[in-house]
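Residue numbers (my numbering), protein chains in the order written: chain R, 2 to 520; chain E, 1163 to 1288. Note that beta-carbon positions come from the ideal geometry of N, C-alpha and C, so glycine has one too. If you're wondering where the values come from, they're calculated on a predicted model, not measured in any experiment. First comes the structure, then the notes that go with it.
What follows is the structure in structure tokens.
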């Protein structure tokens, strides 16, 4: 028997229970059960000790609330434990590989966070006098310069708050340019069928109709089909490059020439610009407008519904229509141009109250400056290399959707699961048991049972090899006839398989007293 | 007495009964979509050309358009689907119908597949 230096046994003793038992508490060692905050707290408890206000007089004329507000009260330790326990149930990029394709869940460097927390950036207020925030304005101007340089575009609108907002900015600029020419017959926008759903939605929001372009067998825009759809009423095209299948649109220069040939504009969805940074400048491809997702390409945090940021670059043809406000550098100071009149009258107006996501700007510029132009290029190359390494390492046990090398993400379909009884969803759930966040599934829609894997440049070869070994083993188990364990997955997650159908058909969106979760 | 169902390549079926036709999606399409969670019905009086988007069906996997198999005007939608979208999975070619419409040009029906041709078509997709 092994003993430690106190003479205490260190190996399991007789009578050790090896099968799982139900605990009385519902906790499983460090995996603790946690109730909703409304079930934990009561309105009569509080974590702060505030004095009763003296001599206060209501000015609400008898309209003040008399009933309890119904918010849960917790002591400080209860509050801490509640949120820490919840955070421990979470999966995050800081815990492991997050291969969610199309989302670019790359590491968020801590240097970005340090810089963003500097009081001069973190504590500024959007209504502060401009002379007191010259440093913040200079940072926005510097970031705009980097963005214009990386994209090869003459202008950028910094205010859009996220990717879809950037799309809206680009399409509103296109609409404004068409209106300025009196081209009100141009109302049809071409959109490939593999596009992000936000593309056609944005076009419709701007008063256009959407015309879908089919894809070729190798997952790219069908150029001949596009030519057949060209006409004088075409306002433009919205194209993602690399596209949602993770493939480079080889004909992009010809697509730009064709669309310009009918007097239309070229909107490029820049969601996948992380595959091009330092290698390709969109301005050289004939693009008129493109948004960047700072939160995907330049490592600002996302995925928790936190703030995105979608600066939108514009060509010479569209630059005059950019929204206000924007930062302008004068002789010795930076100034915010706030009104349409101050731009000469062409700006299509204002998209949001203030001038963008300061915290995201700070993080993105920190990422750019710490990588440098050579580092950004290498990050791009590593992202593409990693995706191709995953694709090549899995191509004999899973089915690659389109032949050839991919860009920053590898796309598989479910042909390898045919007749196994295992579906893409089951495969994803089994990944949870193995400790991985599942890949993106059932998107893009043009691929049956799609599994879209984006490892990003953050992962080392050793980490990728572990991930690949897990994926290979799952694929072999699925094709080897082990359906039951896939249908039962996840077994080890805090919650087992949720009823997604019922959640969509009969969603319960509000907790009501007395309807406590009875498990 | 309604005629036998005809099918489109986009997996809609249409059955004509006198002046009106009933439209739904095939059991194959319902199976491919997985559990249907929502059906957006077309408005009564909506005029459709053959191939126009008539309504939208949403499942746990995807949202898909339902196209008009022929040209005509929508006369009613299957409101029972609003509360029970699962009917589409349970009985796609019967109670799970989507909408009824007039048929503007009966010759358009001839361009559609009959049951046997549609089955062959689906087998080819596997």
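Partner residues on chain R for residue i, Cβ-Cβ distance less than 9 Å
i	result
residue 1224 of chain E	443, 444, 446
Same chain only: Cβ atoms within 7 Å of residue i, ignoring 5 sequence neighbours per side
i	result
residue 76 of chain R	46, 48
residue 1189 of chain E	1254, 1255
residue 249 of chain R	242, 243, 408
residue 520 of chain R	Residue confidence is low: residue 520 of chain R scores 40 on pLDDT, short of 50, so the model does not pin down where it sits. No coordinate-derived value is stated.
residue 204 of chain R	172, 190, 192, 211, 239
For residue j and residue i, the rounded distance between their alpha carbons
i	j	result
residue 26 of chain R	residue 32 of chain R	11 Å
residue 85 of chain R	residue 438 of chain R	20 Å
residue 382 of chain R	residue 151 of chain R	15 Å
residue 497 of chain R	residue 79 of chain R	26 Å
residue 1274 of chain E	residue 1215 of chain E	17 Å
residue 207 of chain R	residue 172 of chain R	7 Å
residue 351 of chain R	residue 324 of chain R	5 Å
residue 389 of chain R	residue 476 of chain R	18 Å
residue 193 of chain R	residue 144 of chain R	31 Å
residue 363 of chain R	residue 313 of chain R	17 Å
residue 495 of chain R	residue 5 of chain R	34 Å
residue 1235 of chain E	residue 1206 of chain E	8 Å
residue 1287 of chain E	residue 107 of chain R	37 Å
residue 465 of chain R	residue 455 of chain R	11 Å
residue 174 of chain R	residue 1204 of chain E	33 Å
residue 545 of chain R	residue 216 of chain R	The question about residue 545 of chain R has no answer, for chain R in this structure spans 2 to 520.
residue 200 of chain R	residue 458 of chain R	27 Å
residue 1231 of chain E	residue 1208 of chain E	14 Å
residue 348 of chain R	residue 376 of chain R	35 Å
residue 229 of chain R	residue 102 of chain R	32 Å
residue 358 of chain R	residue 399 of chain R	41 Å
residue 1181 of chain E	residue 1265 of chain E	7 Å
residue 68 of chain R	residue 411 of chain R	56 Å
residue 141 of chain R	residue 329 of chain R	10 Å
residue 29 of chain R	residue 95 of chain R	23 Å
residue 222 of chain R	residue 1229 of chain E	23 Å
residue 138 of chain R	residue 335 of chain R	6 Å
residue 301 of chain R	residue 109 of chain R	6 Å
residue 24 of chain R	residue 35 of chain R	14 Å
Beta-carbon neighbours of residue i, restricted to chain R and to distances below 7 Å
i	result
residue 1293 of chain E	Residue 1293 of chain E is absent from the structure shown; chain E starts at 1163 and stops at 1288.
Chain-ordered neighbours of residue i on chain R, where CB pairs are closer than 8 Å
i	result
residue 1247 of chain E	506
Nonlocal neighbours in the same chain, by C-beta distance under 6 Å from residue i, ignoring five residues either side
i	result
residue 42 of chain R	73, 74, 75
residue 469 of chain R	394
residue 518 of chain R	Per-residue confidence for residue 518 of chain R stands at a pLDDT of 46, beneath the threshold of 50, marking its modelled position as unreliable; the derived number appears in the next sentence. Excluding residues within five positions, none has a Cβ falling inside 6 Å.
residue 285 of chain R	153
residue 406 of chain R	389
residue 331 of chain R	none
residue 1250 of chain E	1192, 1198, 1258
residue 271 of chain R	291, 292, 293
Cutoff 8 Å; reference residue i; Cβ partners in own chain excluding five residues on either side
i	result
residue 421 of chain R	479, 480, 482, 484
residue 460 of chain R	98, 387, 468
residue 169 of chain R	161, 203, 206, 207, 352
residue 278 of chain R	151, 298, 377, 378, 380, 381
residue 326 of chain R	160, 337, 338, 339, 351, 355, 356
Proximity test, residue i beta-carbon vs the ligand PLP heavy atom, cut-off 7 Å
i	result
residue 1208 of chain E	For the ligand PLP, the structure offers nothing, since it holds no ligand at all.
is_contact[residue i, chain B] using C-beta, thresh 8 Å
i	result
residue 205 of chain R	Protein chains R and E are contained in the structure displayed, whereas chain B is not.
Against chain E: residues of the region 475-508 of chain R by CB proximity under 8 Å:
The region 475-508 of chain R vs chain E, Cβ under 8 Å: 501, 502, 505, 506.
So, does the region 252-260 of chain R touch the region 206-217 of chain R, judging by three or more C-beta pairs under 8 Å?
No: fewer than three Cβ pairs fall under 8 Å.
Counting Cβ pairs closer than 8 Å, one from the region 288-295 of chain R and one from the region 126-137 of chain R, do we hit at least three?
Counting Cβ pairs under 8 Å, fewer than three are found: no touch.
Can you list, in chain order, the residues of the region 1177-1205 of chain E whose Cβ is nearer than 9 Å to any Cβ on chain R?
Along the region 1177-1205 of chain E, the positions whose C-beta sits under 9 Å from a C-beta of chain R are 1194, 1196, 1197, 1198, 1199, 1200, read in chain order.
Determine, using beta-carbon pairs with one atom in the region 52-70 of chain R and one in the region 1166-1183 of chain E, whether at least three such pairs fall under 8 Å.
Because the criterion of three Cβ pairs below 8 Å is not met, the region 52-70 of chain R and the region 1166-1183 of chain E do not touch.
Do the region 352-371 of chain R and the region 258-270 of chain R make contact, defined as three or more Cβ pairs closer than 8 Å?
Here the region 352-371 of chain R makes no contact with the region 258-270 of chain R; the two share fewer than three CB pairs at distances below 8 Å.
If you pair each beta-carbon of the region 226-242 of chain R with each one of the region 428-443 of chain R, do three or more pairs fall below 8 Å?
Taking 8 Å as the limit for Cβ pairs, the verdict is that the region 428-443 of chain R does not touch the region 226-242 of chain R.
Are the region 1236-1247 of chain E and the region 1257-1270 of chain E touching by the rule of at least three beta carbon pairs closer than 8 Å?
Cβ pair count under 8 Å is three or more, so yes.
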